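So the structure is just underneath, and the comments pick up after that.
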Amino acid sequence: MSFLDAAMGYPTGLLSALLAVVLVYWLLALLGLVDFETDGLEWQADVDPSELSGAAALLVGLGLGGVPFSIAGSLVVLLAWTFSCLAAMWVLPTEPGLLMQIGAGTGVLLLALAWGVLLTSRLIRPLRPLFKTHTAQANAELVGQACRVLTGSVDDKLGQAEIEQSGASLKVRVWAPSPNAFTRGSPARIAEYDAARGRYRIEPY
50 MSFLDAAMGY PTGLLSALLA VVLVYWLLAL LGLVDFETDG LEWQADVDPS ELSGAAALLV
110 GLGLGGVPFS IAGSLVVLLA WTFSCLAAMW VLPTEPGLLM QIGAGTGVLL LALAWGVLLT
170 SRLIRPLRPL FKTHTAQANA ELVGQACRVL TGSVDDKLGQ AEIEQSGASL KVRVWAPSPN
230 AFTRGSPARI AEYDAARGRY RIEPY
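The number in our numbering is simply the position in the sequence shown, starting from 1, with 49 added.
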């Protein structure tokens with residue numbers, strides 16, 4: 050089987066479509082049209098998994114948390130696509146009959162996804178400290194200080210802001226009652242610290 054046939058056929062064709070979406074996403078990121086680190090699809094290393102839902106909570110449970118979703122998801126798709134494409138070229142053609150090839154292809158797809166998740170969880174380990182949100186040692190000292198919103202929006206579950214301190218920036222988890230007018234770049238003030246969840250409530254500056 051040729052490379053093109055393997056990439057477009059079953060099961061690799063499904064992953065090829067996902068890979069195309071990933072490539073478009075990173076092209077937009079290079080053009081500055083999306084922020085791969087702080088847009089609404091991301092989570093940080095210290096986000097409580099109970100605050101997440103759906104695919105995000107599942108990926109965190111599989112050991113893919115601690116880095117932006119775009120990085121973990123892209124690696125899973127790329128590695129699974131590579132595994133599936135190689136298997137489609139070298140293994141699937143040996144299966145006799147269409148039904149056998151479909152069954153084998155489904156097995157290859159599942160194995161490719163499992164292999165992609167497992168290898169990605171190992172590859173992102175050294176990257177996690179780069180994306181960890183650091184909480185101030187004296188949380189009460191931050192109350193009353195000005196900050197700048199980093200996420201596209203802030204609600205009662207997710208949000209992130211940056212505080213300038215002595216020439217350095219400190220990223221903290223924040224929240225605000227909905228509805229509100231906070232967007233990326235909005236000035237705000239730290240109103241109080243939520244010790245139970247390790248985050249700060251903000252209000253308009």
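For every residue, glycine included, the Cβ atom is placed at its ideal position computed from N, Cα and C.
Since this is a predicted model, take the numbers as computed values, not measurements.
Buried/exposed call for residue i, threshold 16 Cβ in 10 Å
{"i": "T61", "result": "buried"}
{"i": "T232", "result": "exposed"}
{"i": "F132", "result": "buried"}
{"i": "Y254", "result": "exposed"}
{"i": "V116", "result": "buried"}
{"i": "F118", "result": "buried"}
{"i": "A244", "result": "exposed"}
{"i": "A217", "result": "exposed"}
{"i": "V73", "result": "exposed"}
{"i": "V192", "result": "exposed"}
{"i": "G208", "result": "buried"}
{"i": "W224", "result": "buried"}
{"i": "L141", "result": "buried"}
{"i": "R250", "result": "buried"}
{"i": "R81", "result": "Here the sequence assigns Gly to residue 81, which means Arg is not the residue at that position. By the neighbour-count rule (16 or more Cβ atoms within 10 Å), G81 is not buried but exposed."}
{"i": "G114", "result": "buried"}
{"i": "L77", "result": "exposed"}
{"i": "V70", "result": "exposed"}
Which of helix, strand or coil DSSP assigns to residue i
{"i": "L219", "result": "strand"}
{"i": "R238", "result": "strand"}
{"i": "L63", "result": "helix"}
{"i": "V70", "result": "helix"}
{"i": "D205", "result": "coil"}
{"i": "A56", "result": "helix"}
{"i": "L80", "result": "coil"}
{"i": "N188", "result": "helix"}
For residue i, the residue or residues it bridges with in DSSP
{"i": "I251", "result": "I239"}
{"i": "I212", "result": "L219"}
{"i": "W224", "result": "R250"}
{"i": "A195", "result": "R238"}
* Asked: Are the segment 162 to 170 and the segment 111 to 125 touching by the rule of at least three beta carbon pairs closer than 8 Å?
  -> Contact between the segment 162 to 170 and the segment 111 to 125 is present: 3 or more CB-CB pairs across the two stretches fall below 8 Å.
* What runs of the alpha helix (DSSP H), each 4 residues or longer, lie entirely inside the segment 116 to 169? -> Listed in chain order, the complete alpha helix (DSSP H) runs (minimum 4 residues) inside the segment 116 to 169 are 118 to 139.
* Between the segment 234 to 250 and the segment 190 to 199, do three or more beta carbon pairs fall short of 8 Å? -> Flag = yes, the segment 234 to 250 and the segment 190 to 199 touch.
* Does the pairing of the segment 153 to 163 with the segment 202 to 213 give three or more beta-carbon distances under 8 Å? -> No, they do not touch.
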